[in-house]
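> Dropping the structure in here first, questions after.
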Ligand code: GLY
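Here's what the structure looks like:
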């Protein structure tokens, strides 16, 4: 080859390599220069103002549930409804994130009406109701009265555990015999807390037994989970693998997968037993490898729903996933952690964008649009929900506390 040709090839090659390197450096710079501090602080400040507004709309003896934008109507619940702990819990998180004492005071008012649920033995949701509320209050300001309320609540929850089945019963309504839903994994953190405070190992043992039976019975070969497993209350045999809120008995209801991911991450944190970490990672990998996962990583309401513009998303599942992945990333090796953290970052950025994040007093002060409570019952469809807001704010705080 002539000297001139060699020189030309050399110039072309080096300029190609140089341009690739420049692009890579640019994207690396974009990544590292993203202002996470700014995003988190801005989101927390705006959320604090929004929740103060929401507080002005909620009657003293009620908790907010959702808001119907089209008719400007706030729907509220009594404190026996499963979501009653999220509103005070979010106010407390926002107090923690902003230092604004007014938020704490607003939360305290709501704890007064919630207190009586410690005696409620008709629900498995006492972890959501009492630990997300009193638990967070007590975490920030240790309080003997709150501890007593929660310990009584843990006793109430424990009454729903039948040794013959090895699980806490979820629902008393419906035609099931002894239904257990994947969501129930979310109440176990409360039981671990109760064991630590009371020195009574029973709560912890019960949580472990429940988690082990759920791990054995609730998951399919592809690591997705059923929503409801129905048991024979005498023998503990499985009598049905079903759904209540999902697309079909065999589908992967998005929020159910998120509850499982969060629940087994907590199980690992509380026990350090690697089998729970493995389970959490299996659920995370099932979720993140979904072919039907939109680019913004906010899932369709069910992973088996046909995707597309018209298909509803569930922002609540997105928020729960984001918060759970931020914790899971702390327990795994660097490559896995990077994968989970990158996914959680996309979820947080999506939820913070105009598509999901309500502005000012839009949505009555709720934070996130586009959640789905129970589509098949035509209940809470494409609306804001208190638990979507709670796990979104939790994810913001976790990011701020663990990654900034
Ligand atoms: N635990 C009820 C729900 O996720 O809708």
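Numbering (my numbering), first residue to last: 542 to 945.
Cβ coordinates follow ideal geometry from the N, Cα and C atoms, glycine included.
Note down the Cα distance separating residue 938 from residue 862, rounded to an integer number of angstroms.
Counting from 1 along the chain shown, the entry for residue 938 is found at position 397. Counting from 1 along the chain shown, the entry for residue 862 is found at position 321. Computed Cα separation, rounded: 14 Å.
> I need the straight-line Cα distance from residue 839 to residue 897, nearest angstrom please.
Residue 839 sits at position 298 when you count from the first residue of the chain shown. Residue 897 sits at position 356 when you count from the first residue of the chain shown. Answer to the nearest angstrom: the Cα atoms are 10 Å apart.
> Contact check, residue 682 vs residue 670 under 8 Å by CB: the rounded distance?
Counted from its first residue, the chain shown places residue 682 at position 141. Counted from its first residue, the chain shown places residue 670 at position 129. That belief does not hold up - the Cβ atoms of residue 682 and residue 670 are roughly 20 Å apart, past 8 Å.
> Taking DSSP as the reference, what is the three-state secondary structure of residue 839?
The sequence position of residue 839 within the chain shown is 298, counting from 1. DSSP places residue 839 in coil when its eight states are reduced to three.
> From residue 732 to residue 893, what does the alpha carbon distance come to, in whole angstroms?
Locating residue 732 in the chain shown gives position 191, counting from the first residue. Locating residue 893 in the chain shown gives position 352, counting from the first residue. Answer to the nearest angstrom: the Cα atoms are 32 Å apart.
> Can you name the start and end residues of the beta strand (DSSP E) that residue 604 belongs to?
Counted from its first residue, the chain shown places residue 604 at position 63. Its beta strand (DSSP E) spans residues 604-609.
> Between which two residues does the alpha helix (DSSP H) holding residue 782 run?
Walking along the chain shown from the start, residue 782 turns up at place 241. Not the alpha helix (DSSP H): residue 782 falls in the beta strand (DSSP E), residues 779-783.
> Specify which residues have a beta carbon nearer than 7 Å to any heavy atom of the ligand GLY, listing them in chain order.
The filter returns 623, 666, 722, 724, 786, 796, 800, 914 and 915, in chain order.
> Within 10 angstroms of the Cβ of residue 945, are there 16 or more other Cβ atoms? Answer buried if so, exposed if not.
Residue numbering aside, residue 945 sits at position 404 when the chain shown is read from its first letter. Exposed, because fewer than 16 other Cβ atoms sit within 10 Å of the Cβ of residue 945.
> Under 7 Å Cβ to Cβ from residue 607, same chain only, skipping five residues before and after it: list those, please.
Mapped onto the chain shown, residue 607 falls at position 66. For residue 607, where only same-chain residues beyond five positions count, the Cβ hits under 7 Å are 616, 921, 924, 925 and 926.
> By DSSP, does residue 914 sit in helix, in strand, or in coil?
Within the chain shown, numbered from 1, the residue matching residue 914 stands at position 373. Three-state result, residue 914: strand.
> Just confirm the distance between the C-beta atoms of residue 750 and residue 697, as a whole number of angstroms; I'd bet it's less than 8 Å.
In the chain shown, residue 750 corresponds to position 209, counting from 1. In the chain shown, residue 697 corresponds to position 156, counting from 1. At roughly 18 Å, the Cβ-Cβ gap does not stay under 8 Å, so residue 750 and residue 697 are not in contact.
> Can you give me the C-alpha to C-alpha distance between residue 764 and residue 716, rounded to a whole angstrom?
The residue you call residue 764 lines up with position 223 of the chain shown. The residue you call residue 716 lines up with position 175 of the chain shown. Looking at the two C-alpha atoms, the distance is approximately 27 Å.
> Do residue 666 and residue 623 come within 8 Å of each other at the CB atom, strictly closer than that value?
The residue given as residue 623 occupies position 82 in the chain shown. The residue given as residue 666 occupies position 125 in the chain shown. Yes.
> According to the Cβ coordinates, are residue 817 and residue 809 closer than 8 Å?
Within the chain shown, numbered from 1, the residue matching residue 817 stands at position 276. Within the chain shown, numbered from 1, the residue matching residue 809 stands at position 268. In this structure, residue 809 lies closer than 8 Å to residue 817 by Cβ.
> So, helix, strand or coil for residue 949, using DSSP?
This structure gives no information on residue 949, because the portion of the chain shown stretches from 542 to 945.
> Below 8 Å between beta carbons: does that hold for residue 727 and residue 752?
Mapped onto the chain shown, residue 727 falls at position 186. Mapped onto the chain shown, residue 752 falls at position 211. Result no, Cβ atoms of residue 727 and residue 752 do not sit closer than 8 Å.
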